[in-house]
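Reviewing the structure listed below.
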Amino acid sequence: MGVAAIWCQIEPTLSMEKKREIFLYILRLLFDSNLVKWGCRSEIVQDFNLVLAEMESGWPDDDEFDDDQFLTVLAYDSDGVSKTHAWIEGDLVWIDSYGKYLWSTDAKL
Numbered sequence: 075m076g077v078a079a080i081w082c083q084i085e086p087t088l089s090m091e092k093k094r095e096i097f098l099y100i101l102r103l104l105f106d107s108n109l110v111k112w113g114c115r116s117e118i119v120q121d122f123n124l125v126l127a128e129m130e131s132g133w134p135d136d137d138e139f140d141d142d143q144f145l146t147v148l149a150y151d152s153d154g155v156s157k158t159h160a161w162i163e164g165d166l167v168w169i170d171s172y173g174k175y176l177w178s179t180d181a182k183l
């Protein structure tokens, strides 16, 4: 389960600001409880504060944000060709009761 699955559990009728606040709070709880780490390109990112800072600074505007495509929704034009890219790289890496890492698909990309 990646961050998009967590995002989808937040009440959709809330304002974007409130959903974002709840989402970041849940992530902080998971990291502080050592239940997850952040993975990017098959490596663990050691500084979760850096991940949060990148998330907050790169968060798309409300009109660009797509709940169904949580991390890969930013459209851009490249020489007349419409393309999309991720606004943050990586995803959650869950830690099981034995300390083994369970990688979300996007954490390996």
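Residues 75 to 183 in the numbering used here are what the sequence shown spells out, letter by letter. Ideal placement from N, C-alpha and C gives every residue a C-beta, glycine not left out.
field: For W161, three-class secondary structure by DSSP
entry: DSSP places W161 in coil when its eight states are reduced to three.
query: If you run the structure through DSSP and keep just helix, strand and coil, what is Y172?
result: Coil at Y172, not helix or strand.
- request: Could you pull out every residue in the same chain whose Cβ sits closer than 7 Å to the Cβ of C114, ignoring the five residues on either side in sequence?
  value: When the five nearest sequence neighbours on each side are left out, the beta carbons in the same chain lying within less than 7 Å of the beta carbon of C114 are those of E163, G164, A181, in order along the chain.
field: Option in A127, I118, N123 with minimal Cα separation from W168
entry: Among A127, I118, N123, the Cα nearest to that of W168 belongs to I118.
message: For F144 and S156, what's the separation of their Cα atoms in angstroms?
response: Approximately 18 Å between the Cα atoms of the pair.
Buried or exposed (CB count within 10 angstroms, at least 16 for buried), L101: Counting C-beta atoms within 10 angstroms of its own C-beta, L101 has 16 or more neighbours from the protein chains shown and is therefore classed as buried.
message: Per DSSP, what are the beta-bridge partners of K111 in this structure?
response: Answer is V167, bridged to K111.
Distance between I80 and D137 (C-alpha atoms, nearest Å): When rounded, the separation of the alpha-carbon atoms in D137 and I80 is 21 Å.
message: I'd like to check one pair, L103 with L166: are the Cβ atoms closer than 9 Å?
response: Not a contact, by the Cβ cut-off of 9 Å.
- prompt: Considering only the beta carbon of each residue, do S178 and M75 sit closer than 9 Å?
  reply: Taking 9 Å as the Cβ cut-off, S178 and M75 qualify as a contacting pair.
task: May I have the straight-line CA-CA distance separating K111 from E91, to the nearest angstrom?
output: Looking at the two C-alpha atoms, the distance is approximately 24 Å.
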